[in-house]
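Student:
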Amino acid sequence: MVEHDLQITVSSSPHLRMPVTVSTAMRDVIIALLPVTLVSILLFGLYALFLIAVCLSTAALTEVLFRRILNKPVTLHDGSALVTGLLVAMLFAPATAWWTAALATFIGVGIAKELMGGLGWNRFNPALFGRLTVIMIYPLFYYVTEAFGLLRPYFGPIDAVTQGTPLAQMIQGVNLPPLNQLLIAYPGGSLSETSALAVFIGGVFLIVRKHITWHIPVAIIGTVAIMALILGESPFYHILAGGVMIGAFFMATDWVTSPITLQGKFIFGISIGVLLMLFRVPLAPTEGMAFSILIMNFFVPLIDLATKRPKFGEVKEKRFFSFLKPKPYSYGAQKQS
Amino acid sequence: MTVKTFYRGIFLPHHKKQSENKPIEDIASPKEVVIPLHQHTGAPCHAVVEVGEAVKTGQKIADCDSYVTAPTHASINGTVTAIEPRPYFTSSEVESVVIKADTNQSEPKWVERDIEKLSVDEIKEAVREAGIVGMGGAAFPTHVKLSPPNKIDAVIINACECEPFLTCDHRLMVEDAEVMVEGTKLIARSVGAPKIIFGVEANKPDGIEKLKTIIDGNDDMEIVVLDVKYPQGAEKQLIKASMGREVPPGKLPFDVGVVVQNVATAIAVYEACRFNKPLYERVLTVTGDAVNNPGNYRVRIGTTIGHIIEQCGGIKGSSYVEDEIDTGSSEVRYPVAALAHLVGKIVLGGPMTGWAQNRLDVPIVKGSSGILVFSPELVSKTDHIACVRCTKCVEHCPMFLYPNYIGVYSETGRHELAAEWGAMDCFECGICVYVCPSNRPIVQFVRETKKDRAAHK
Numbered sequence: 001m002v003e004h005d006l007q008i009t010v011s012s013s014p015h016l017r018m019p020v021t022v023s024t025a026m027r028d029v030i031i032a033l034l035p036v037t038l039v040s041i042l043l044f045g046l047y048a049l050f051l052i053a054v055c056l057s058t059a060a061l062t063e064v065l066f067r068r069i070l071n072k073p074v075t076l077h078d079g080s081a082l083v084t085g086l087l088v089a090m091l092f093a094p095a096t097a098w099w100t101a102a103l104a105t106f107i108g109v110g111i112a113k114e115l116m117g118g119l120g121w122n123r124f125n126p127a128l129f130g131r132l133t134v135i136m137i138y139p140l141f142y143y144v145t146e147a148f149g150l151l152r153p154y155f156g157p158i159d160a161v162t163q164g165t166p167l168a169q170m171i172q173g174v175n176l177p178p179l180n181q182l183l184i185a186y187p188g189g190s191l192s193e194t195s196a197l198a199v200f201i202g203g204v205f206l207i208v209r210k211h212i213t214w215h216i217p218v219a220i221i222g223t224v225a226i227m228a229l230i231l232g233e234s235p236f237y238h239i240l241a242g243g244v245m246i247g248a249f250f251m252a253t254d255w256v257t258s259p260i261t262l263q264g265k266f267i268f269g270i271s272i273g274v275l276l277m278l279f280r281v282p283l284a285p286t287e288g289m290a291f292s293i294l295i296m297n298f299f300v301p302l303i304d305l306a307t308k309r310p311k312f313g314e315v316k317e318k319r320f321f322s323f324l325k326p327k328p329y330s331y332g333a334q335k336q337s
Numbered sequence: 338m339t340v341k342t343f344y345r346g347i348f349l350p351h352h353k354k355q356s357e358n359k360p361i362e363d364i365a366s367p368k369e370v371v372i373p374l375h376q377h378t379g380a381p382c383h384a385v386v387e388v389g390e391a392v393k394t395g396q397k398i399a400d401c402d403s404y405v406t407a408p409t410h411a412s413i414n415g416t417v418t419a420i421e422p423r424p425y426f427t428s429s430e431v432e433s434v435v436i437k438a439d440t441n442q443s444e445p446k447w448v449e450r451d452i453e454k455l456s457v458d459e460i461k462e463a464v465r466e467a468g469i470v471g472m473g474g475a476a477f478p479t480h481v482k483l484s485p486p487n488k489i490d491a492v493i494i495n496a497c498e499c500e501p502f503l504t505c506d507h508r509l510m511v512e513d514a515e516v517m518v519e520g521t522k523l524i525a526r527s528v529g530a531p532k533i534i535f536g537v538e539a540n541k542p543d544g545i546e547k548l549k550t551i552i553d554g555n556d557d558m559e560i561v562v563l564d565v566k567y568p569q570g571a572e573k574q575l576i577k578a579s580m581g582r583e584v585p586p587g588k589l590p591f592d593v594g595v596v597v598q599n600v601a602t603a604i605a606v607y608e609a610c611r612f613n614k615p616l617y618e619r620v621l622t623v624t625g626d627a628v629n630n631p632g633n634y635r636v637r638i639g640t641t642i643g644h645i646i647e648q649c650g651g652i653k654g655s656s657y658v659e660d661e662i663d664t665g666s667s668e669v670r671y672p673v674a675a676l677a678h679l680v681g682k683i684v685l686g687g688p689m690t691g692w693a694q695n696r697l698d699v700p701i702v703k704g705s706s707g708i709l710v711f712s713p714e715l716v717s718k719t720d721h722i723a724c725v726r727c728t729k730c731v732e733h734c735p736m737f738l739y740p741n742y743i744g745v746y747s748e749t750g751r752h753e754l755a756a757e758w759g760a761m762d763c764f765e766c767g768i769c770v771y772v773c774p775s776n777r778p779i780v781q782f783v784r785e786t787k788k789d790r791a792a793h794k
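If you read the protein sequences in the order shown, they are chains A and B. Note that our numbering numbers the first sequence so that position 130 is 130, with each residue one more than the last. Note that our numbering numbers the second sequence so that position 432 is 769, with each residue one more than the last.
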């Protein structure tokens with residue numbers, strides 16, 4: 001018998017691939033985060049470095065642990081766990097107790113991502129989910145902090161001024177740091193709040209590399225500016241202080257948890273901006289960005305349905321809110337006709 | 338130069354340099370051909386010859402009573418040695434006529450006819466008898482396309498060749514432009530179209546120049562230069578770009594008064610009407626980074642891929658000698674083990690829509706536009722992961738569908754939802770898979786949904 005089968009790949013068309021994979025995209029996100037990471041390390045020194053190291057290693061360990069428990073292949077090479085870890089680190093102030101950040105990473109990677117089905121299935125941004133969960137259960141930590149106080153490493157004084165976030169100062173009416181410092185480098189707040197410019201450079205890099213589009217950042221920042229003007233606040237402080245920059249460029253643009261169509265991305269961004277200003281001005285000064293993004297994450301499937309585009313050559317149904325009308329529910333039941 | 342195009346789609350690397358300036362060459366006639374009896378869309382043919390019968394080049398060997406079908410012809414002089422299921426490029430087996438070549442391979446003598454005197458019915462009859470099908474890949478019987486149920490305003494000749502690597506239509510346009518224009522006139526006459534449009538992508542300037550000199554002064558003919566974007570050569574996208582008309586979902590080009598034909602098909606129509614010459618050979622591009630002499634070759638239908646690759650200088654780095662690879666006899670022997678690490682993939686058709694092969698005794702058919710031989714480096718071997726909703730497929734989909742949802746729903750067996758997000762309107766251009774960072778085989782998912790929906794109808 002003659003051997004006919006060549007031992008070569010036979011797969012469905014097409015047979016060409018673009019050289020962009022999830023791994024290369026995640027690598028680019030890490031590169032995009034480098035400027036702000038470096039600025040924060042310059043300002044906070046070992047405190048920042050230690051926090052980042054804790055978050056990265058927790059993220060990697062959590063992913064391995066959960067993947068082992070769930071009996072799935074470990075996919076550390078796609079880099080998504082490391083990105084989540086780095087993003088969580090960016091959300092904490094340098095003097096934060098390290099176990100707080102580690103817990104946030106664990107919740108983000110383990111619960112918000114892996115238990116939701118892994119990368120691609122998570123409904124909420126893992127980094128923000130972890131951060132907010134920790135913030136909400138923080139009162140419980142009061143006694144734990146006392147007990148674990150000895151485990152807090154001491155790398156010397158952080159800076160001449162170890163103060164609260166500029167955002168809190170702004171809302172409380174305390175003396176404000178000058179705008180140019182907020183833009184370039186200011187030692188206050190979380191790691192990502194140190195330099196709006198560095199975050200912006202990273203975001204532009206992601207847009208240039210075509211990993212994200214400009215729609216969500218522009219919609220968020222534009223809405224924040226307009227809302228600030230309407231509410232009689234300074235738009236510059238609202239944009240440069242707090243989490244607006246990192247949120248607009250790195251959190252809200254997360255592939256998995258943002259809408260699909262460009263139209264939907266605009267709606268998503270504008271909603272986040274409006275929610276943020278509603279949280280910030282009348283309510284609490286901090287965490288507005290994180291809450292706004294997580295709330296809008298929840299509405300993404302609805303936005304996707306509402307902005308469903310017509311097919312090529314199809315005329316779109318003009319009725320407003322037509323996406324809400326009930327559809328014949330035939331899923332699962334085979335029609336016999 | 339202003340170029341027209343459609344909305345969305347993608348700019349692909351061309352990969353055409355290595356074969357676009359190579360003139361069309363004939364390759365040595367094979368010792369054996371395997372002619373599948375169902376190479377077209379529609380009803381399969383039944384053999385009208387018997388085992389042991391002697392056949393001549395161009396002799397009809399299979400036909401069918403049904404309307405949507407195309408007869409098949411012998412492509413060499415020889416003897417029928419078998420009528421049996423043989424491997425086919427879609428990796429199933431298809432009833433085929435196997436012909437062993439005679440030593441006498443004389444060309445049949447063609448009687449010239451005056452094409453101006455042919456009536457519309459005579460043209461259609463000639464096209465049907467010649468077994469002409471769409472030679473761009475879909476292989477839809479051409480005589481059916483020439484009998485549209487409503488009024489036709491224009492015939493569009495699809496000279497886009499938007500798939501990377503392929504250059505055979507480009508070469509045909511440069512070398513046989515007059516014949517192509519004559520064939521197009523016949524097509525336009527048979528459908529009663531007052532206008533002819535040649536849609537050419539801007540990366541074929543020599544072809545456009547040639548066409549311009551031929552149709553100069555003709556008001557009813559027009560050249561539309563199109564952007565080099567994939568899938569510019571897809572019927573609906575071509576009609577949108579060149580005429581601004583949109584074919585609604587589920588409809589065909591004739592619903593908007595247009596007939597689209599491929600360059601090679603127009604030439605085949607001319608040959609069928611002028612000489613009564615059936616479609617038993619075609620031009621295809623043999624290329625890829627693992628073949629020694631890439632180029633454009635005129636090949637008999639039913640020639641095996643192995644024979645063609647061997648005639649094109651063989652696979653780079655392979656050391657087989659003539660008697661080691663003998664694709665001509667029924668006892669085929671290949672240096673299979675030696676090839677496995679030199680070739681990553683062999684594709685019949687274009688790189689975006691073609692079919693990967695794992696045997697060398699698969700014959701080429703009327704719709705085969707190329708043979709691509711890729712080295713292992715060009716082939717991605719990583720498995721697919723979950724959709725990460727990066728929206729690249731949604732941004733580029735030329736049919737404005739949602740490949741991401743189609744993929745997710747089809748993969749989990751919810752074919753009804755996949756169909757709701759547009760799976761049935763997909764023409765499998767492959768862009769979604771090309772751009773996917775998760776390497777998801779969405780085209781395969783779409784095919785599964787189509788199969789499932791067809792079964793539940």
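Note that CB positions come from ideal geometry on N, CA and C, so glycine has one too. Everything numeric in this text was worked out from a predicted model, so none of it was measured.
Quick check on DSSP: helix, strand or coil for Q569(B)?
Tutor: Coil at Q569(B), not helix or strand.
Student: Starting from T624(B), follow the alpha helix (DSSP H) in both directions and report where the run begins and ends.
Tutor: Where T624(B) is concerned, there is no enclosing alpha helix (DSSP H), although the beta strand (DSSP E) it sits in stretches over 618 to 624.
Student: Does G665(B) come within less than 8 angstroms of chain A when only Cβ atoms are used?
Tutor: Residue confidence is low: G665(B) scores 46 on pLDDT, short of 50, so the model does not pin down where it sits. No coordinate-derived value is stated.
Student: Could you check where the beta strand (DSSP E) with R67(A) kicks off and where it finishes?
Tutor: Taken as a continuous stretch (DSSP letters only), R67(A) belongs to no beta strand (DSSP E), being part of the alpha helix (DSSP H) at 46 to 69.
Student: With a threshold of 8 angstroms between beta-carbons, can A756(B) be considered close to chain A, or not?
Tutor: Judged by the 8 angstroms Cβ criterion, A756(B) is not in contact with chain A.
Student: Would you say K614(B) and W447(B) are within 8 angstroms of each other, going by their C-beta atoms?
Tutor: Yes.
Student: Output needed in chain order: residues of the stretch 11 to 34 of chain A with a Cβ under 7 angstroms from some Cβ in chain B.
Tutor: Going along the stretch 11 to 34 of chain A in chain order, one finds S11, S12, S13, P14, H15, L16, R17, M18, V20, T21, V22, A25 with a Cβ nearer than 7 angstroms to chain B.
Student: I think F129(A) touches A112(A), with their Cβ atoms under 8 angstroms apart; what is that distance to the nearest whole Å?
Tutor: Contact flag correct, Cβ pair sits at about 4 angstroms.
Student: Going by alpha carbons, who is nearest to S527(B) out of L563(B), I452(B), V561(B), Q574(B)?
Tutor: Nearest C-alpha to S527(B): I452(B).
Student: Could you give the DSSP three-state label for A160(A): helix, strand or coil?
Tutor: Reliability of the predicted coordinates at A160(A) is poor, the pLDDT of 38 falling under 50, and no value is obtained from them.
Student: Does the Cβ-Cβ distance between I638(B) and E618(B) come in under 8 angstroms?
Tutor: Yes, these two residues count as a Cβ contact at 8 angstroms.
Student: Counting along the chain, where does the beta strand (DSSP E) carrying V684(B) start and finish?
Tutor: Its beta strand (DSSP E) spans residues 682 to 685.
Student: So D557(B) and I576(B) are supposed to be a Cβ contact under 8 angstroms. How far apart are they, rounded?
Tutor: D557(B) to I576(B), Cβ: 18 angstroms. No contact.
Student: For K573(B), would you say it is in contact with chain A, using Cβ-to-Cβ distances shorter than 8 angstroms as the test?
Tutor: Output row for K573(B): interface = yes.
Student: In the structure shown, what three-state DSSP assignment does E459(B) receive?
Tutor: Residue state, collapsed to three classes: helix.
Student: Just to confirm my understanding: we take A407(B), look at its own chain, exclude 5 residues before and 5 after, and list those with CB closer than 6 angstroms. What are they?
Tutor: Within the same chain, A407(B) has close Cβ partners H377, G468, V470, P478.
Student: What does L119(A) reach in chain B if we use C-beta pairs closer than 8 angstroms?
Tutor: Those are I722, A723, V725, listed as they occur along chain B.
Student: When Cβ atoms are compared, which residues of the stretch 296 to 312 of chain A fall closer than 8 angstroms to chain B?
Tutor: Cβ contacts with chain B come from K308, R309, P310, K311, F312.
Student: So the candidates are I552(B), F535(B), K549(B), K703(B); which of them puts its Cα closest to the Cα of I494(B)?
Tutor: Comparing Cα positions, the closest option is F535(B).
Student: At least one CB of chain A closer than 8 angstroms to the CB of A693(B): is that the case?
Tutor: Cβ-Cβ to chain A under 8 angstroms: yes for A693(B).
Student: T640(B) bridges to which residues according to DSSP?
Tutor: Per DSSP, none; premise fails for T640(B).
Student: Okay, do the stretch 759 to 778 of chain B and the stretch 711 to 727 of chain B touch, 3+ Cβ pairs below 8 angstroms being the bar?
Tutor: Counting Cβ pairs under 8 angstroms, three or more are found: they touch.
Student: Under 9 angstroms, CB to CB, which of the residues in the stretch 257 to 273 of chain A have a partner in chain B?
Tutor: Going along the stretch 257 to 273 of chain A in chain order, one finds T257, S258, P259, I260, T261, L262, K265 with a Cβ nearer than 9 angstroms to chain B.
Student: Can you tell me whether T37(A) is helix, strand or coil according to DSSP?
Tutor: T37(A) falls in the helix class under three-state DSSP.
Student: Would you identify the three-state DSSP class for W255(A), choosing helix, strand or coil?
Tutor: Three-state DSSP puts W255(A) in coil, outside helix and strand.
Student: Straight-line CA distance for T719(B) to R777(B)?
Tutor: Going by the C-alpha atoms only, they are around 10 angstroms apart.
Student: Inspect the CB distances between the stretch 277 to 293 of chain A and the stretch 744 to 759 of chain B and report whether three or more fall short of 8 angstroms.
Tutor: Touching, no, given that fewer than three Cβ pairs across the two stretches are closer than 8 angstroms.
Student: Just list the alpha helix (DSSP H) runs in the stretch 428 to 516 of chain B, keeping only unbroken ones of 4 residues or longer that don't cross its boundaries, in chain order.
Tutor: You should have 457 to 466, 479 to 482, 505 to 512.
Student: Please compile the residues from chain A whose C-beta is within a distance smaller than 8 angstroms of the C-beta of G681(B).
Tutor: Neighbours of G681(B) on chain A, chain order: I8, T9.
Student: Can you tell me which of the three DSSP states N741(B) falls into?
Tutor: DSSP places N741(B) in helix when its eight states are reduced to three.
Student: Let me know if H793(B) comes out buried or exposed under the rule of 16 or more other beta-carbons within 10 Å of its beta-carbon.
Tutor: H793(B) comes out exposed.
Student: Residues of chain A with a CB under 9 angstroms from the CB of V684(B): which are they?
Tutor: Result: S13, H15.
Student: Mind checking whether P688(B) and P445(B) have CB atoms under 8 angstroms apart?
Tutor: Contact flag unset, no.
Student: Per DSSP, Y634(B) is paired with what?
Tutor: Note: Y634(B) sits in a beta bridge opposite E362(B), L621(B).
Student: So with Cβ pairs under 8 angstroms, would you call E314(A) a contact of chain B?
Tutor: Yes, E314(A) counts as interfacial toward chain B.
Student: Give the single residue among A419(B), P381(B), Q574(B) whose Cα lies nearest to the Cα of E387(B).
Tutor: Out of A419(B), P381(B), Q574(B), A419(B) has the C-alpha closest to the C-alpha of E387(B).
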